[in-house]
Amino acid sequence: MTLTPEQIEAALDDRELDYVRREASGSDVANYIIELPGVKKLKTTTLLTLGVHGARVEAFVCRHVDENFEGVYRYLLQRNRRLYGVSYTLDNAGDIYLTGRFAEVTEDELDRVLGQILEAADGDFNTLLELGFSTAIRREYDWRISRGEPLWNLKPFEHMLEGFPQFEPNPLPERKPRKKQ
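Residue numbers for the sequence shown follow my numbering, so the first one is 2 and each next one is one higher.
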C-alpha cells in the first residue's frame, strides 16, 4: 500500500534526511526535495513527486561534461544495466540525472530507491568527473600548484596527474587544544 505524505515524512525523518515538502496548488501532487548526503559528491538533491498513479524520482548528478562525450555516455548506459529502479538520463542541456518511476511507494521501496540514487550518484561521481572533465582537472591542478593552493580535494585524481608533486598528507592545519580558563 502506498504511503501517505505523513508516513513518507516519518520515513525520511527516521533516516535523518533533510527535505522540504512542496504542494502543487490545485492538484493531488506532493513534491519532496530531499538532500542525500554523500562522500565523493557532498550531497545529491533528489525530487520525489507523488502523484495519483505512482511516484517519480529525479536526482541531479553532474552538469554537462566538457569532453569525451562518447566515453561518458557509454559508461552511463553500461551502468544502467546494474541499477535498481532508476536509470541515468540527460536533460535538454546535457546535464546528467538519475530518474525513475514506481507505482507504489512503500517504506522498503522508498529506502531501496533512495539508497540506489545515493550509491550511484556518490559512487560514480569521481568517474564521471575523470571521464568528462580531465582537462579541467589538470588545469585546476596546475593553477593550484602555481599559487601554492591546497590540493587535498584533487587527491581522488592523483593518478591522472603523474609527474606532479605529491599531495600533502594532511590537508588541514593541526589544531591546538584550547586552554581552559
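Even for Gly, the Cβ is constructed at its ideal location relative to N, Cα and C.
Owing to the predicted nature of the structure, the values given are computational and were not obtained by experimental measurement.
Simplified DSSP state of residue i, which is helix, strand or coil
i: L78; result: helix
i: V1; result: No answer is possible for residue 1: it lies beyond the span of the chain, which begins at 2 and ends at 182.
i: N127; result: helix
i: L49; result: strand
DSSP bridge partner residues for residue i (one or two, in chain order)
i: P38; result: K44
i: D19; result: E36
i: I97; result: C63 and L91
Length of the line joining the Cα atoms of residue i and residue j
i: H54; j: S88; result: 20 Å
i: V62; j: L111; result: 19 Å
i: Y202; j: G86; result: Residue coverage of the chain in this structure runs from 2 to 182, which leaves residue 202 outside it and unanswerable.
i: E150; j: Y20; result: 35 Å
i: M161; j: R139; result: 8 Å
i: I35; j: V106; result: 15 Å
i: N127; j: T5; result: 36 Å
i: I97; j: F158; result: 21 Å
i: Y33; j: D92; result: 20 Å
i: F134; j: E108; result: 37 Å
i: L115; j: L37; result: 8 Å
Buried versus exposed call for residue i [16 or more other C-beta atoms within 10 Å across all chains shown]
i: D70; result: Here the sequence assigns Phe to residue 70, which means Asp is not the residue at that position. Label assigned to F70: exposed.
i: A94; result: exposed
i: L51; result: buried
Delimiting residues of the alpha helix (DSSP H) encompassing residue i
i: T3; result: Looking at the DSSP string, T3 is not in any alpha helix (DSSP H), and its letter there is neither H nor E.
i: A25; result: Counting along the chain, A25 falls outside any alpha helix (DSSP H), and DSSP gives it neither H nor E.
i: Y142; result: S135 to R148
For residue i, the first and last residue of its enclosing beta strand (DSSP E)
i: R57; result: G55 to C63
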